[in-house]
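Chains as they are written, first to last, in my numbering: chain A, 10 to 312; chain B, 10 to 312.
A short write-up of the structure that comes next.
There are 2 protein chains.
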Amino acid sequence: MKDRNQTGTIEREFLINYKPDRYERPSVTVDMLIFTVDDAKLGKSKGTFGKELKILLIKRKKPPFMEDMALPGGFVNIEESIQDAAYRELKEETNIENVYMEQLYTWGEVNRDPRMRVISVSYMALVPKEGLRPIAGDDASEAIWFVVKKRDLMECSTNKSSMLSVESEDGCIKMGYIVTEYYERKGFVNTFRTEVEPISGNETNLAFDHIHMINMALERLKNKVEYTQIAFNLLHEEFTLPELQQVYETILGRTLYKANFRKKILPMVIKTDNKKTNVAHRPVQYYKFNPEYYAGEIDYKEE
Amino acid sequence: MKDRNQTGTIEREFLINYKPDRYERPSVTVDMLIFTVDDAKLGKSKGTFGKELKILLIKRKKPPFMEDMALPGGFVNIEESIQDAAYRELKEETNIENVYMEQLYTWGEVNRDPRMRVISVSYMALVPKEGLRPIAGDDASEAIWFVVKKRDLMECSTNKSSMLSVESEDGCIKMGYIVTEYYERKGFVNTFRTEVEPISGNETNLAFDHIHMINMALERLKNKVEYTQIAFNLLHEEFTLPELQQVYETILGRTLYKANFRKKILPMVIKTDNKKTNVAHRPVQYYKFNPEYYAGEIDYKEE
DNA sequence: CGAATAGTGTCTGTGAGACATTATCGT
DNA sequence: ACGATAATGTCTCACAGACACTATTCG
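Listed below in structure tokens is the structure:
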């Protein structure tokens with residue numbers, strides 16, 4: 010302790026510990042997971058749900074991963090906050106603002122990007138579908154909505170595997186992945202490690218680790234839809250309860266009992282004066298979100 | 010298929026010619042929120058709980074914020090993953106490995122650090138107290154456990170304010186903050202914006218935005234202790250149920266009914282052959298964690 | 001009237017909360 | 001025996017799940 014005061018010692022320690030690349034800096038990007046829910050095109054995949062979950066992807070027109078699909082995103086400018094960068098990317102891609110967005114996870118593996126060290130902060134945004142025209146940024150040739158589906162394949166005591174498929178609206182681009190979650194204990198907590206394997210036969214793939222990001226976002230969405238009002242962000246100001254239920258069912262991947270769903274939802278909504286009529290059955294009541302509603306469980310969020 | 014090769018060539022050339030200096034880059038650090046639970050020193054604060062939640066802080070010996078307290082942490086090296094950096098910092102500070110750790114949030118405001126643009130990824134770790142001797146890193150003069158307490162002051166329809174106090178074990182350093190959460194709607198989701206005000210009279214303060222990190226970690230801990238087995242990480246291999254209950258009560262900030270607590274916990278633990286005896290009352294059964302226990306709700310985690 | 005979907009009523013089981021009671025040590 | 005804390009039993013109530021039933025339109 011006393012030789013702390015000796016300048017020579019401090020200097021020597023400094024030199025011993027100093028590594029020249031210690032202060033080399035990584036690049037930082039944001040990647041946007043922009044989800045919406047849309048009516049399923051009839052005839053095609055005969056899922057039991059009337060709606061489909063979609064994510065916005067771009068086609069990369071530059072290396073690396075040129076011609077592959079990727080999440081929209083870009084570098085964080087030195088004079089803007091990460092969140093501002095995320096909002097900027099969202100606006101650039103969809104031309105909408107003031108929608109729900111939350112930070113998802115920060116991806117920091119060394120070789121995520123073959124060019125150089127890139128750390129990516131992923132954000133999830135939920136937007137209503139109508140009146141939204143995706144815009145390709147300058148690093149992309151196009152921006153397209155992709156239908157995302159995850160269905161369980163098998164489960165045993167040590168792992169669970171699922172099929173995660175990402176398919177363009179017109180069906181031209183199909184990407185399939187086998188996602189396997191290996192259960193593990195970390196400290197005393199049961200958790201799992203995720204591995205992803207592209208299906209042989211994919212003509213196009215997702216760039217970087219973006220399929221991992223999509224998978225994590227799906228899980229987060231599934232979790233949060235149960236205990237928050239997050240799903241309302243996928244619809245417009247006015248909606249019917251059957252529509253809302255379809256959104257829930259699409260995200261959760263299972264059907265819900267109508268009566269129970271309504272009992273849970275009714276305190277969160279207000280009846281409007283409008284009804285959807287000219288339908289071959291009883292007219293449907295329109296509702297809107299009840300801003301007075303306050304659930305005990307809300308998420309901790311930093312602005 | 011044939012332009013695959015062409016694309017590959019383009020990508021290879023691109024990578025060779027790529028000059029990564031186009032954009033100015035931020036520095037990236039990790040900050041560690043290392044928590045433990047320890048017996049409360051008698052006599053002092055007459056909280057009703059026998060244990061206290063503690064966090065490991067260091068005293069900064071370099072500017073900026075020299076002489077202030079801060080979370081342990083450091084720069085992410087260019088050739089290590091963010092998570093590896095977090096594990097490295099944890100080991101440097103506590104000399105322990107293989108404990109529970111999770112990514113908390115990434116802090117990206119432009120002026121977090123007065124020197125330059127620094128983005129920080131925060132990690133929360135939970136460690137058992139005994140047999141752990143904190144080590145001051147090379148940027149710190151000491152590493153000390155601080156008692157953390159958060160108690161509600163008042164709540165109304167638009168906001169809620171709490172007193173967040175961080176106090177060294179010996180009582181010499183006390184830092185108090187008023188934390189106010191303003192309820193807001195973001196999209197259709199109720200959320201809140203957090204503001205923190207140091208109490209006038211603090212002789213020492215927390216550096217950077219670290220008080221925000223501590224606040225967020227406390228909320229996360231409070232949430233997760235209810236639906237995960239995270240709390241077991243704060244104890245050693247064998248523990249008694251009253252001890253475990255004290256840990257829960259400390260984190261949650263309220264007392265629990267013993268019978269109900271045990272009904273909830275019993276499936277997660279296994280009785281051992283040991284009892285704590287020589288106590289002035291009925292002997293206490295030691296338990297250990299049941300690795301077979303699997304709760305439906307587990308956290309999505311990336312390794 | 002029948003097809004179709006909207007919307008409601010009600011029974012049951014599960015689990016959290018509150019509290020009462022019994023058990024087993026040291027002194 | 002008594003103080004002290006461990007450990008268990010049980011009642012109630014809220015709520016989610018499952019399902020049956022009624023309502024209202026179009027054609």
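All C-beta atoms in this analysis are idealised placements derived from N, C-alpha and C, irrespective of residue type, glycine included.
- Every unbroken stretch of the alpha helix (DSSP H) spanning 4 or more residues and falling wholly within the stretch 73-149 of chain A is given here in chain order: 91-103.
- Following the DSSP letters along the chain, one finds residue 66/A inside the beta strand (DSSP E) bounded by residues 60-69.
- Cβ contact annotation for residue 265/A (same chain, cutoff 8 angstroms, sequence separation greater than five): 254, 257 and 258, in chain order.
- Straight across, the Cα-Cα distance linking residue 136/B with residue 242/B is about 6 angstroms.
- For residue 176/B, the enclosing beta strand (DSSP E) has its first and last residue at 168-177.
- Judged by beta-carbon spacing, residue 244/B lies within the 9 angstroms limit of residue 252/B, meaning their Cβ atoms are closer than that value.
- Within the stretch 239-263 of chain A, the residues whose Cβ lies closer than 7 angstroms to any Cβ of chain B are, in chain order, 239, 241 and 242.
- Cβ contact annotation for residue 283/A (same chain, cutoff 7 angstroms, sequence separation greater than five): 247 and 295, in chain order.
- Per the C-alpha coordinates, the member of 90/B, 210/B, 217/B and 287/B positioned closest to residue 120/A is 90/B.
- The closest CA to that of residue 103/B, considering only 184/B, 189/B and 154/B, is found on 154/B.
- Note on geometry: alpha-carbon atoms of residue 234/A and residue 240/A lie some 6 angstroms from one another.
- Here the alpha carbon of residue 133/B sits roughly 25 angstroms from the alpha carbon of residue 192/B.
- Under the 9 angstroms criterion on CB atoms, residue 90/B is classed as interfacial with respect to chain A.
- From the beta-carbon of residue 234/A, no residue of chain B is found nearer than 9 angstroms; the closest lies around 11 angstroms away.
- Just measuring C-alpha positions, the residue of 80/B, 93/B and 199/B sitting nearest residue 301/A is 199/B.
- Counting of Cβ neighbours within 10 angstroms places residue 160/B among the exposed residues, the total staying below 16.
- Residue-level contact by beta carbon fails for residue 182/A and chain B, as no gap is shorter than 9 angstroms.
- For residue 210/A, no chain B residue has a Cβ inside 7 angstroms of its Cβ, as the nearest lies near 12 angstroms away.
- With respect to the 9 angstroms criterion, residue 170/A and residue 184/A are not classified as neighbours on the basis of their beta carbons.
- Contact of residue 268/A with chain B is not assigned, every C-beta pair being separated by 9 angstroms or more.
- DSSP assignment within the stretch 198-247 of chain A yields the following whole beta strand (DSSP E) runs of 3 residues or more, N-terminal first: 198-207.
- For residue 218/A, the closest of 115/A, 250/A, 281/A and 108/A by C-alpha to C-alpha distance is 115/A.
- Nearest CB-CB separation between residue 276/B and chain A: not below the 9 angstroms threshold.
- Assigned with DSSP and collapsed to three states, residue 271/B falls in helix.
- Looking at the DSSP output, residue 193/B bridges to 200/B.
- Against chain B, the CB of residue 176/A has no partner CB under 9 angstroms away; the residue lies outside that interface.
- For residue 256/B, the enclosing alpha helix (DSSP H) starts and ends at 250-261.
- Annotated as proximal: residue 158/A and residue 62/A, with beta-carbon spacing under 9 angstroms.
- Among the bridge pairs identified by DSSP, residue 180/B is matched with none.
- Interface with chain A (9 angstroms Cβ-Cβ cutoff): residue 194/B is included.
- Listed along chain B, no residue sits closer than 8 angstroms to residue 38/A by beta-carbon distance, the nearest being about 10 angstroms off.
- In this structure, residue 87/A sits away from residue 65/A, with a CB-CB distance that is not shorter than 9 angstroms.
- By the neighbour-count criterion, in which 16 or more other beta carbons inside 10 Å mark a residue as buried, residue 32/B falls on the exposed side.
- Neighbours of residue 35/B across chain A, judged by C-beta separation under 8 angstroms: 34, 37, 85 and 87.
- About 11 angstroms separates the Cβ atoms of residue 124/A and residue 35/A, ruling out a contact at the 8 angstroms cut-off.
- Residue-level contact check: residue 98/B does not touch chain A, since none of the beta carbons of chain A fall below 9 angstroms from its beta carbon.
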